[in-house]
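J.: So the sequence shown is residues -24 to -1, 1 to 260, counted in mature numbering (1 follows the signal peptide of the UniProt record, and there is no 0).
All C-beta atoms, glycine included, are put in the ideal place defined by N, C-alpha and C.
Everything numeric in this text was worked out from a predicted model, so none of it was measured.
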Amino acid sequence: MRRLVWSLMSVAALALAGCNGSSAPEQGGDNAATAPQTNKVTGTVNVRGDNPLSPEAKLVVSLVDVSSNAQAGTVPLASKTIAPVQIPQSFELDFNPADVNPADLYVVQAQLTDGDRQYKMPLQAPVLTKGAPSQVSIELVPEQTPAEKQLAEFQAVQKQIGGMKISNGTKLEKDVSRAWQVFRKNGQVQFIRARADYGDKGFTSTDYAYQDGQPWVVVQQKKASQDAKPSSIERAGWDKDGNLVLKQVQSGSKTDNSLSDEEAASLKQQAQDILKLATGGKGK
C-alpha cells in the first residue's frame, strides 16, 4: 500500500513540473532582445589632428540602420545638420523607439564638410541594439582635398623625371632669356622645367607637367634674380575636363587658394607656349 502511495505522488510531481516548464519564459538568446529604453542618442564629434575649421564648416549627424536586411537608401531614423561647428561638437538625435528593431544594427554616421575638405569616420559607431550604448564619441579624420591630391600626384611625377629621356633648349629674346629641359616618357612629353631671366624685372623658375599633351599642373617660382629666394610660388592644376582644381599662392610661410582664374589661365597659356617652343610645334 505504501509503495502505491509513493508512486502516485511521484507521478503528480512530474506532471506539475511539466506544467511549470511549459509556461516559464525562456532566458537569454535572441528572444531576450528588447527595444531600447530611450528615445534619443547623444554624443560628441571631434577631429583628429590640428585642423581648425572655418565658419562655413557643416556637420551632418544621422542615426542609420545598417543591417544586411535594411533597404538601400533607407531614410535615417533621425538626422541633424549643425552649422557653424564647434569642435568638440555635441549632438542629440531624437527618434521613435517603436521604429527600432532589436535584431538590427544601428550606427551614428557623421560627415563634416569644410570647403573642399571632407572629414570621414574611420570606424563605425554602433548604438542602441546588441548591447551598444546610446551615447558615443566619434573622431573624424580629414581627407585630402582634390587640390592636395593633385599636387601630391604632381610631386610623385616630379621625383621620376630623372629616369626619363631629357633634351635641352635655349632662346634669347629681346626682353627675356629662356632655357628649358624637356622630359619624355614613351615618346610623350611629361614634364618641362623652364627658366626665364627678365633682367632687372625678375626671374621665374617653372615646372610644367602634362597629361595626354595637355597642361596638367604648373608650379612657378617668382624671384628677384636667379639666386634669390622665391618671393611667391603659384600653383595651378586642371582635371581631364579642363576644370581648375589647384589654385594656390604661397608667399613666405602662408599658402592659400587665392590664385585667380586669370592668373591660372596665364600659367596654362605659358604651358602651351613652352610646349610648342620646346618641341618645334609638334607637342611631343
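1) How many whole angstroms separate the CB atoms of valine 152 and alanine 123, which I take to be in contact at a CB cut-off of 8 Å?
2) Who are the Cβ neighbours of alanine 155 in its own chain at under 6 Å, not counting the five residues just before and after it?
3) In this structure, does DSSP put alanine 185 in helix, strand or coil?
4) With DSSP as the reference, label phenylalanine 71 as helix, strand or coil.
5) In the DSSP output, what is tyrosine 82 paired with across the bridge?
6) Leaving aside the five residues before and after valine 221 along the sequence, list all residues of the same chain whose C-beta is less than 8 Å from its C-beta, in chain order.
7) Provide the residue span of the alpha helix (DSSP H) that contains leucine 253, from first to last.
8) When you compare the segment 129 to 143 with the segment 227 to 243, are there three or more beta-carbon pairs, one atom per stretch, that lie closer than 8 Å?
9) For the candidate residues Asp249, Phe130, Asn15, Leu251, whose alpha-carbon lies nearest to that of valine 195?
10) What whole-angstrom Cβ distance do leucine 35 and valine 61 have, given they're in contact under 8 Å?
11) For glutamine 13, count neighbouring Cβ atoms within 10 angstroms of its own Cβ and tell me buried if that reaches 16, exposed if not.
12) How should valine 51 be labelled, buried or exposed, when 16 other C-beta atoms within 10 angstroms of its C-beta is the threshold for buried?
13) Excluding sequence positions up to five away, which residues of its chain have a Cβ less than 6 Å from the Cβ of threonine 18?
14) In whole angstroms, what separates the C-alpha of serine 227 from that of phenylalanine 159?
15) Taking a contact to mean a Cβ-Cβ separation below 7 Å, would you say serine 43 touches leucine 81 in this structure?
16) Tell me where the beta strand (DSSP E) around leucine 116 begins and ends.
T.: In this structure, then:
1) Position 176 of the sequence shown, counted from the start, is the residue given in the question as residue 152. Position 147 of the sequence shown, counted from the start, is the residue given in the question as residue 123. With a Cβ gap of about 30 Å, valine 152 and alanine 123 do not count as contacting.
2) By one-based count along the sequence shown, residue 155 stands at place 179. Correct list, in chain order: Thr146, Arg171.
3) Here residue 185 refers to the residue found at position 209 when the sequence shown is read from its first residue. Reduced to three states, the DSSP call for alanine 185 is strand.
4) Your numbering for residue 71 matches position 95 in the sequence shown. The three-state reading of DSSP puts phenylalanine 71 in coil, since its state is none of H, G, I, E or B.
5) Translated into the one-based positions of the sequence shown, residue 82 becomes position 106. Tyrosine 82 pairs with Asp41, Val103.
6) On the sequence shown, residue 221 is found 245 positions in, with the first residue counted as 1. Within the same chain, valine 221 has close Cβ partners Pro122, Ala123, Gln126, Gly213, Trp214, Asp215.
7) As a position in the sequence shown, residue 253 is number 277, starting the count at 1. Run containing leucine 253: 237 to 254, per the alpha helix (DSSP H) assignment.
8) No: the two stretches stay apart, fewer than three of their Cβ pairs being nearer than 8 Å.
9) Your numbering for residue 195 matches position 219 in the sequence shown. Checked all of Asp249, Phe130, Asn15, Leu251; the closest Cα to valine 195 is Phe130.
10) Numbered from its first residue, the sequence shown carries residue 35 at position 59. Numbered from its first residue, the sequence shown carries residue 61 at position 85. Correct: roughly 5 Å between the Cβ atoms.
11) Mapped onto the sequence shown, residue 13 falls at position 37. Burial call: exposed.
12) As a working mapping, residue 51 is identified with position 75 in the sequence shown. Under this definition valine 51 is an exposed residue.
13) Translated into the one-based positions of the sequence shown, residue 18 becomes position 42. Cβ neighbours of threonine 18 beyond the five flanking positions: Glu68, Gln111.
14) The residue you call residue 227 lines up with position 251 of the sequence shown. The residue you call residue 159 lines up with position 183 of the sequence shown. If you take the alpha carbons of serine 227 and phenylalanine 159, they lie about 28 Å apart.
15) Taking the sequence shown and counting its residues from 1, the one referred to as residue 43 is at position 67. Taking the sequence shown and counting its residues from 1, the one referred to as residue 81 is at position 105. In this structure, leucine 81 lies closer than 7 Å to serine 43 by Cβ.
16) Along the sequence shown, read from residue 1 onward, the residue named residue 116 stands at position 140. Under the DSSP assignment, leucine 116 falls in the beta strand (DSSP E) whose first and last residues are 111 to 118.
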